[in-house]
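What follows is a single structure, written as structure tokens, with notes after it.
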Amino acid sequence: MIVTFTWAIPYPGIDHAGGEYVLRHTSALADRWPVLMVAENSAANDRGVDVRPRPDRVRVALVRPYNRWTVSQLAWRVRRKSTAITASRALADHIRHDVTLQQSLREAGVVEFQWTDTFGLARVVRRYAGKTPLVGIAHDVISQRQSRRVSALPLPEPVRRAYRRWIRVQERRVLSQLDVVITFSNKDASLVRQLAPGVVTEVLAPPVATASPARTGARPVGTPPVVAFVGALYRPENDEAVHWFLREVWPRVRRDAANAQFHISGAGPSADLGRRTTGRDDVVLWGYRDDLDEAYRQADVVVIPLLQGAGVKFKTITALSWGVPVVTTTVGAEGIPEAAEGAAIADDPAVFAEEVLRALRGGVEAERRAHVTDIVQERYSEAAFVRRLQELYDGLMRQASTGDHGD
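Per my numbering: the sequence shown = residues 39 to 445.
Here's what the structure looks like:
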């Protein structure tokens with residue numbers, strides 16, 4: 039059995055890339071082992087229970103979150119907000135007091151923690167799981183993300199340096215409680231090893247490539263060319279990226295491509311973004327779309343103008359796998375070696391705009407793009423992911439059963 043601690047119970051159509059990853063991850067595990075997922079109760083997680091993958095193999099335990107405003111709870115909320123690392127107190131207390139969950143931890147072959155903000159549960163889990171391997175899936179490296187965020191704030195440099203040191207200490211503390219940390223790129227694995235040298239790191243390419251073909255044939259005469267962004271718009275880094283593109287890049291594109299349209303797809307657009315795009319014939323704010331494939335089929339170029347964030351950007355891999363020309367910032371390309379060959383990378387607004395225009399003119403070599411698409415579809419395929427994940431967990435269980443921990 040696998041026990042998973044997570045903040046999101048995944049379901050088909052979940053509106054963020056991390057949740058889609060957990061959906062595929064859990065489905066791959068359920069093909070081999072029964073899975074128990076433990077999370078706080080919420081409206082979204084209630085929905086996940088009803089439509090979770092493999093209900094015959096995946097059980098869910100939802101824990102009521104703490105809503106009382108005691109001094110200690112307020113202090114915990116402030117700390118969690120400032121670090122994005124502190125684990126749920128409700129889940130920690132549930133582990134301490136629920137004997138059924140404690141028994142499941144004793145029987146588990148692997149206990150895993152999705153997202154860094156659950157890693158802090160490992161210390162209390164260890165009391166009941168014993169020598170069972172504790173595995174953290176690091177969707178990104180929090181200290182890198184928070185360091186970038188604080189760099190953009192109007193703070194004195196000594197304050198920024200102190201915060202960066204503090205957040206690294208916090209992340210090192212939770213990483214060191216694990217036996218294995220899974221990352222999605224060699225870049226993130228290197229960062230984890232710098233933070234916690236004693237922890238084993240494994241790189242697992244996420245299954246985000248699509249097998250769907252890109253749009254074929256010429257665009258119908260009179261149809262405007264489409265520049266597309268796809269991403270959960272309620273995430274601050276995506277909202278910031280779209281605003282930056284609209285403000286700094288899009289006017290430059292429109293000067294040379296007056297009929298071009300910018301299509302924005304993703305759940306939870308802000309009210310401000312809605313105001314900025316309402317009534318415009320050059321910008322289409324789709325919001326949440328049931329079928330994101332259609333967004334890629336319509337696109338002549340996909341932009342990933344991220345200025346903040348950390349970890350592998352699934353949206354970049356997905357766009358590359360479609361074979362659509364991609365223009366991204368350095369942040370959007372990091373951790374994805376294929377982006378260096380298959381995407382245009384620019385951080386300056388003028389250069390970014392010129393790369394978008396070059397793609398719209400057909401200046402991106404189709405042969406090179408097809409080569410990169412083939413590589414991406416193989417490396418980030420569902421089959422490769424399932425095989426690698428199951429082999430990894432098989433090995434961890436064998437090591438635990440024989441007492442061989444690689445010492």
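Glycine residues also receive a C-beta, built at the ideal position from the N, C-alpha and C atoms.
Residue i versus the options, residue with shortest Cα-Cα distance
| i | options | result |
| --- | --- | --- |
| THR42 | ARG290, PRO72 and ARG186 | PRO72 |
| GLU150 | ARG164, GLN141, THR138 and TYR49 | ARG164 |
| GLU393 | GLY325, GLU416, ARG335 and VAL265 | VAL265 |
| ARG425 | ARG62, ALA408 and ARG198 | ARG62 |
| GLU145 | ALA167, ASP131, HIS135 and ARG161 | ALA167 |
| LEU330 | ALA391, VAL246 and ALA66 | VAL246 |
| ALA270 | ARG293, ILE342 and ARG206 | ILE342 |
| ARG85 | PRO50, VAL96, VAL76 and ALA438 | PRO50 |
| ASP217 | LEU67, VAL238 and ARG231 | VAL238 |
| ASP328 | ALA305, ASP226 and PRO244 | ALA305 |
| ARG90 | GLU78, GLN437 and VAL60 | VAL60 |
| PRO363 | THR356, ALA381 and VAL369 | ALA381 |
| ARG92 | SER65, ALA77 and GLU78 | SER65 |
| GLN141 | VAL179, MET39 and SER185 | MET39 |
| ASP53 | PHE222, ALA82 and ALA243 | ALA82 |
| ALA295 | PRO263, LEU284 and ARG314 | PRO263 |
| ASN297 | HIS135, LEU398, GLY56 and LEU193 | LEU398 |
| PRO289 | VAL350, PHE222, PRO387 and LEU358 | PRO387 |
| LEU434 | ARG314, GLY147 and ALA130 | GLY147 |
| VAL339 | ASP131, HIS132, GLY400 and ALA371 | GLY400 |
| GLY56 | THR315, VAL212 and PHE222 | PHE222 |
| ARG436 | LEU139, LYS169 and THR356 | LYS169 |
Coarse secondary structure for residue i, derived from DSSP in three states
| i | result |
| --- | --- |
| TRP324 | strand |
| HIS281 | helix |
| LEU35 | The requested residue 35 does not occur in the structure, where the chain is confined to residues 39 to 445. |
| GLY373 | coil |
| ALA270 | coil |
| HIS177 | coil |
| SER80 | coil |
| ALA138 | Reading the sequence as shown, one finds Thr at residue 138 and not Ala. If DSSP states are grouped into helix, strand and coil, THR138 belongs with the helices. |
| SER303 | strand |
| ALA438 | helix |
| THR239 | strand |
| ILE220 | strand |
| LEU172 | strand |
| GLN12 | No information on residue 12 is available, as it lies outside the stretch 39 to 445 that the chain covers here. |
| VAL89 | coil |
| VAL291 | helix |
| VAL424 | helix |
| ILE205 | helix |
| VAL246 | coil |
| ALA234 | coil |
C-alpha gap between residue i and residue j, whole angstroms
| i | j | result |
| --- | --- | --- |
| LEU430 | TRP204 | 32 Å |
| VAL137 | ILE220 | 29 Å |
| VAL414 | ILE302 | 24 Å |
| ALA113 | PRO103 | Residue placement at ALA113 is poorly supported in this model, since its pLDDT is 49, which falls under 50; the coordinates still yield a value, given next. One C-alpha to the other measures close to 16 Å. |
| GLN215 | GLN208 | 12 Å |
| PRO171 | SER80 | 28 Å |
| VAL197 | LEU344 | 25 Å |
| MET75 | VAL173 | 14 Å |
| VAL410 | THR261 | 28 Å |
| LEU427 | GLY373 | 19 Å |
| ARG273 | ALA279 | 10 Å |
| ALA309 | GLY317 | 14 Å |
| ALA176 | ASN224 | 12 Å |
| VAL98 | PRO48 | 11 Å |
| LEU191 | THR440 | 51 Å |
| PHE423 | PRO244 | 6 Å |
| ASP385 | THR366 | 8 Å |
| LEU193 | SER185 | 12 Å |
| ALA421 | LEU358 | 18 Å |
| ILE383 | ALA408 | 18 Å |
Residue j beta carbon less than 8 Å from that of residue i
| i | j | result |
| --- | --- | --- |
| THR354 | ALA337 | no |
| PHE300 | ASP277 | no |
| LEU395 | VAL291 | yes |
| THR154 | TRP45 | no |
| ALA125 | LEU159 | yes |
| TRP360 | TYR334 | yes |
| VAL241 | PHE390 | no |
| HIS281 | LEU323 | no |
| ALA348 | ARG183 | yes |
| ALA234 | ARG210 | yes |
| ARG199 | GLN346 | no |
| ALA68 | LEU100 | no |
| SER189 | ARG206 | no |
| VAL162 | ARG134 | yes |
| VAL179 | VAL230 | yes |
Beta-bridge pairing of residue i - partner residues as DSSP gives them
| i | result |
| --- | --- |
| MET75 | THR42 and VAL98 |
| ILE342 | THR366 |
| ALA167 | DSSP output for ALA167 lists no bridge partner at all. |
Proximity test, Cβ basis, 8 Å: residue i and chain D
| i | result |
| --- | --- |
| VAL280 | As a matter of chain content, chain D is missing from the structure shown, which is built from one protein chain. |
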